[in-house]
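Trainee: I'd like to ask you about the structure that follows.
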Amino acid sequence: MKYPMAQKNNNLPGRLVILIMLFIFPACTASSKLPDDAVSLPPDISPGESPARFVEKSFLMEQIQQLASDAMMGRGTGQKGSRLALDYLEQYYTSDSFSDYESLPVIRQSFELEGVFWDAVSYDIYSVDVDTVYLSRSQLEKGGSADFFPLQGGTRDHDAPVVFAGDGFFDMADQDVRTLRNSLQNTWVMVFEPGTDGNGSRFEKVQRMIIEFGATGVMFIPNKDVESWEKKSMKMSHQLERPTLVRRPGGRTGLSGGSQGASVSVHPDMALRILDLDNPAQLDSLRHKWQSNSSAMMPHSTGFRFRNTPSLNTRSFEEDNLITIIPGSHPELSREMVVLSAHYDHMGLGEPDDSNDIVYSGADDNASGTAVLMQIARAFHDSAGYGYHPSRTLVFLHAAAEEWGLHGSRYFVENPLFPDYEIVVNVNVDMLGSVDNIYSGRQDSSYVHVIGAGLVSTTLDELVQMANDATANMILDEVYNDTGHYLQLYRRSDHWPFALKNIPFVFFFSGLHEYYHRPSDTPEKIAASLLAARTELITELVWYLAEVKERPESDRRHFGRNRVPAR
3 MKYPMAQKNN NLPGRLVILI MLFIFPACTA SSKLPDDAVS LPPDISPGES PARFVEKSFL
63 MEQIQQLASD AMMGRGTGQK GSRLALDYLE QYYTSDSFSD YESLPVIRQS FELEGVFWDA
123 VSYDIYSVDV DTVYLSRSQL EKGGSADFFP LQGGTRDHDA PVVFAGDGFF DMADQDVRTL
183 RNSLQNTWVM VFEPGTDGNG SRFEKVQRMI IEFGATGVMF IPNKDVESWE KKSMKMSHQL
243 ERPTLVRRPG GRTGLSGGSQ GASVSVHPDM ALRILDLDNP AQLDSLRHKW QSNSSAMMPH
303 STGFRFRNTP SLNTRSFEED NLITIIPGSH PELSREMVVL SAHYDHMGLG EPDDSNDIVY
363 SGADDNASGT AVLMQIARAF HDSAGYGYHP SRTLVFLHAA AEEWGLHGSR YFVENPLFPD
423 YEIVVNVNVD MLGSVDNIYS GRQDSSYVHV IGAGLVSTTL DELVQMANDA TANMILDEVY
483 NDTGHYLQLY RRSDHWPFAL KNIPFVFFFS GLHEYYHRPS DTPEKIAASL LAARTELITE
543 LVWYLAEVKE RPESDRRHFG RNRVPAR
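Residues 3 to 569 in the numbering used here are what the sequence shown spells out, letter by letter.
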């Protein structure tokens, strides 16, 4: 499906330059004899000439630190950060460092999406006797303040009684648990915010109240003073810039953001009024009483109701894939394209963590993969200075809106920029900089997860093995390389739209960790040396894919038969 705005900003002059260069570049000299064996490289290209020799750990980390900085605002789809990241990438590829390749103008491939966004959220605290009496009515807008701010969820109307439940932890017999469930079900549970005592996280409290006790939502009493809370409230209001749902225009469904349930933080003065207390000292005394004697404490009604009413709007917006090309140099193979993909978007400004950080930095996901593509393009550029040009055409796809349903890579595959050229393989890089929960603490932590490759193509599998042997010699873990694996990673990144077109792919991945999709996915957690080794492996593989005579074919039985529903 083509979107109406897709032709608006495709950088047509840049496309024409690339097309012209693709036609004339075969006249350039290049060291690329074709081999007879499908998985052998030309004999006149020695390992010492591999572009992988130009990979630099410091370069990778510099790019990750830039892309995952707070200044990039989490690179969120439909948010300002996505534009900032796009501009940064365009500036990189059009910089003087690529002046030797006049054929490296970038293409912004625009496409349209539809999102549901916050305008504001209204909060009412009131009591009902004969008439409705309001204790507070306030509205939070972006850059403003109110008596509450959202922590999790809150994209639907929630109106329920407020029940005070201390620190939210109870030590009681089974029969008391049933009584407790009856008192908390369908209520806003007012609890103290977790401190530094290790007595559970905010997220854990919300999940327990909603899942175990059937609460409507959780209202947290902050540990901060009034001035600190009000400053934090202003910052928290900017999370309203995030979309709550993103889909294709006119789509009936889409991926939604946010957590299960709803939770808010209440102004310290408003907490006192709800609990009928005179000063913060009384609140501290109540907190201590609950913490020291939780087995004797039971929730009680405050006599108030709380209403959370979001104001949402649906609007269309543009996102852009950023694409650049290194033309092939062989008269025939230059019309075959090796597409490298990595999404540059992340979660943007979103729900705060326990430290009230709302910037989802996305250092591993996927500043790491973005930096790898930037490094590989630079490595092949540096190789050109020594007389090497790839036989096949290399396409670098920095895909947008992956986090919301692979929208950028889907649009790229469904709307070919160069219909006279054929994509022969996709190399996808997503989250390459970590040591995951499987390998953390192990001595044999030199690894990378490989998805696709051997599952889809014998030749591609052999080339991955060959590239690994020539470079990192690390563990090629295929634990996720299974169409039946419960996490379904086979379908969950930008390689999948290529797979649906029966194009062989390999997806390199470092695995899941506790800071996945959290604000704490920050650059200092990147395993820099391991990332560089993985990048050398991938660069070597791309070199092989650019030069082997017989391209990888999809010859494995499960490939291409499973489908993912359109989102």
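Glycine included, each C-beta is placed from N, C-alpha and C at the ideal position.
Mapping the DSSP letters down to three states, classify leucine 532 as helix, strand or coil.
Mentor: DSSP places leucine 532 in helix when its eight states are reduced to three.
Trainee: Alpha carbon to alpha carbon, how far is threonine 79 from tyrosine 346?
Mentor: Spanning the two alpha carbons is a distance of roughly 10 Å.
Trainee: For a minimum of 4 consecutive residues, which ranges assigned as the alpha helix (DSSP H) are wholly contained in the region 393-458?
Mentor: Qualifying alpha helix (DSSP H) stretches, in chain order: 409-416.
Trainee: My guess is that glutamate 334 and arginine 553 are in contact by the Cβ rule of under 8 Å, so how many angstroms apart are they, rounded?
Mentor: 11 Å between Cβ atoms; not a contact.
Trainee: Between the C-alpha atoms of serine 370 and valine 179, what's the straight-line distance to the nearest angstrom?
Mentor: Each residue's Cα considered, the two are about 46 Å apart.
Trainee: Which class does alanine 162 belong to by DSSP, given the choice of helix, strand or coil?
Mentor: DSSP places alanine 162 in strand when its eight states are reduced to three.
Trainee: Considering only residues of the same chain and omitting the five flanking positions on each side of valine 228, which have a CB-CB separation below 8 Å?
Mentor: Excluding residues within five positions, the ones whose Cβ falls inside 8 Å are His269, Pro270, Asp271.
Trainee: If we call anything under 8 Å between Cβ atoms a contact, is leucine 532 one with serine 448?
Mentor: Against a cut-off of 8 Å, the Cβ pair of serine 448 and leucine 532 comes out as a contact.
Trainee: Who are the Cβ neighbours of aspartate 446 in its own chain at under 7 Å, not counting the five residues just before and after it?
Mentor: So the list reads Ile477, once near-sequence residues are dropped.
Trainee: Give me the Cα-Cα distance between threonine 460 and valine 191, rounded to the nearest whole angstrom.
Mentor: Whole-angstrom Cα-Cα distance: 57 Å.
Trainee: Considering methionine 236, what are the terminal residues of the alpha helix (DSSP H) in which it resides?
Mentor: That run of the alpha helix (DSSP H) goes 228-238.
Trainee: Give me whichever residues DSSP pairs with phenylalanine 509 in a beta bridge.
Mentor: The partner list for phenylalanine 509 (beta bridge, DSSP) reads Asn430, Ile453.
Trainee: Around the Cβ of lysine 207, are there at least 16 other Cβ atoms within 10 angstroms (buried) or fewer (exposed)?
Mentor: Flag for lysine 207 reads buried.
Trainee: Could you spell out where the alpha helix (DSSP H) holding valine 208 opens and where it closes?
Mentor: Run containing valine 208: 204-209, per the alpha helix (DSSP H) assignment.
Trainee: Do glycine 435 and serine 363 have their CB atoms nearer than 8 Å?
Mentor: Cβ atoms of glycine 435 and serine 363: not closer than 8 Å.
Trainee: Per DSSP, what kind of secondary structure is threonine 372 in: helix, strand or coil?
Mentor: Reduced to three states, the DSSP call for threonine 372 is helix.
Trainee: Identify whether serine 112 lies in helix, strand or coil by the three-state DSSP scheme.
Mentor: Here serine 112 sits in strand by DSSP.
Trainee: Would you report the Cα separation of tyrosine 125 and valine 118, rounded to the nearest angstrom?
Mentor: So the alpha carbons of these two residues sit roughly 20 Å apart.
Trainee: Would you check if the region 138-147 and the region 236-244 touch, i.e. whether three or more CB-CB distances between them fall below 8 Å?
Mentor: Yes, the region 236-244 is in contact with the region 138-147.
Trainee: Please state whether the Cβ-Cβ distance between isoleucine 540 and phenylalanine 510 is less than 8 Å.
Mentor: Against a cut-off of 8 Å, the Cβ pair of phenylalanine 510 and isoleucine 540 comes out as a contact.
Trainee: What is the residue span of the beta strand (DSSP E) that methionine 192 lies within?
Mentor: Start and end: 190-194.
Trainee: If we count the other Cβ atoms within 10 Å of its Cβ and call it buried at 16 or more, is glutamate 195 buried or exposed?
Mentor: With 16 or more other Cβ atoms within 10 Å, it is buried.
Trainee: Classify valine 466 as helix, strand or coil using the three-state DSSP reduction.
Mentor: Reduced to three states, the DSSP call for valine 466 is helix.
Trainee: To the nearest angstrom, report how far apart alanine 381 and valine 544 are at their CA atoms.
Mentor: Answer to the nearest angstrom: the Cα atoms are 11 Å apart.
Trainee: Name the DSSP bridge partner or partners of isoleucine 477?
Mentor: According to DSSP, which records beta bridges pairwise, isoleucine 477 is partnered with Tyr449.
Trainee: Where does phenylalanine 172 sit, in a helix, a strand or coil, going by DSSP?
Mentor: DSSP places phenylalanine 172 in coil when its eight states are reduced to three.
Trainee: Considering isoleucine 276, what are the terminal residues of the alpha helix (DSSP H) in which it resides?
Mentor: Looking at the DSSP string, the run of the alpha helix (DSSP H) that includes isoleucine 276 is 270-276.
Trainee: Going by beta carbon distance, what residues of the same chain come within less than 6 Å of phenylalanine 308, once the five residues before and after it are set aside?
Mentor: Hits under 6 Å: Ile127, Val164, Trp190.
Trainee: Give every residue of the same chain whose Cβ lies closer than 7 Å to the Cβ of serine 556, excluding the five residues on either side of it in the sequence, and list them in chain order.
Mentor: So the list reads Val458, Ser459, Asn504, Pro506, Gly562, once near-sequence residues are dropped.
Trainee: Would you say the region 349-356 touches the region 410-426, given that touching needs at least three Cβ pairs under 8 Å?
Mentor: Counting Cβ pairs under 8 Å, fewer than three are found: no touch.
Trainee: Beta-carbon separation of methionine 63 and valine 361 under 8 Å?
Mentor: No.
Trainee: For threonine 524 and threonine 316, I'd like the C-alpha separation in whole angstroms.
Mentor: The straight-line gap from Cα to Cα measures roughly 31 Å.
Trainee: Excluding the 5 residues preceding and the 5 following lysine 234 in the sequence, name in chain order all residues of the same chain whose CB lies nearer than 6 Å to its CB.
Mentor: For lysine 234, where only same-chain residues beyond five positions count, the Cβ hits under 6 Å are Asn358.
Trainee: So isoleucine 66 is in the beta strand (DSSP E); what residue range does that whole segment cover?
Mentor: No beta strand (DSSP E) contains isoleucine 66, which is instead part of the alpha helix (DSSP H) from 59-69.
Trainee: By DSSP's criteria, valine 123 is part of a beta bridge. Which residues make up the other side?
Mentor: Looking at the DSSP assignment, valine 123 forms a beta bridge with Leu142, Pro312.
Trainee: For valine 431, tell me which candidate among His497, Gly443, Tyr492 has the shortest Cα-Cα distance.
Mentor: Comparing Cα positions, the closest option is His497.
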